[in-house]
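No gaps in the numbering here: position 34 of the sequence shown is 1296 in this note's numbering, and each next residue is one more. Report on the structure given below.
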Amino acid sequence: MPLRLKNLVFNVTFNSCLFLILIIGIQNSSKKSSINLLIDETVNLPISFIIGSSFISGSIIGSILSSNSGNK
1263 MPLRLKNLVF
1273 NVTFNSCLFL
1283 ILIIGIQNSS
1293 KKSSINLLID
1303 ETVNLPISFI
1313 IGSSFISGSI
1323 IGSILSSNSG
1333 NK
């Protein structure tokens, strides 16, 4: 299997596992907050979900950027 495909499969699997752990972990979260966007604000979400989803999206973007920088 090519190295790029291995990295893609690993990143998808790793981030999916993180997301599942995040969903299981926020079940008992009672503190909620909303995010102020440029136009409007979001619904009240658990703070742990906001922080966890930010971490996971950063992990996905970082893996995409690192795989693209290998092309040069």
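Backbone N, C-alpha and C define an ideal beta-carbon position, used for all residues, glycine too. The structure displayed is predicted, hence computed values, not measured ones.
For residue i and residue j, I'd like the C-alpha separation in whole angstroms.
i	j	result
Phe1272	Ile1297	31 Å
Phe1317	Leu1299	18 Å
Asn1306	Gly1287	17 Å
Glu1303	Ser1328	32 Å
Ser1310	Ile1301	23 Å
Can you tell me whether residue i is helix, strand or coil according to DSSP?
i	result
Ser1329	helix
Ser1292	coil
Smallest Cα separation from residue i: which of the options?
i	options	result
Ser1321	Leu1267, Cys1279, Met1263	Cys1279
Leu1284	Asn1330, Gly1324, Ile1323, Ser1315	Ser1315
From what residue to what residue does the alpha helix (DSSP H) around residue i run?
i	result
Lys1268	1265–1287
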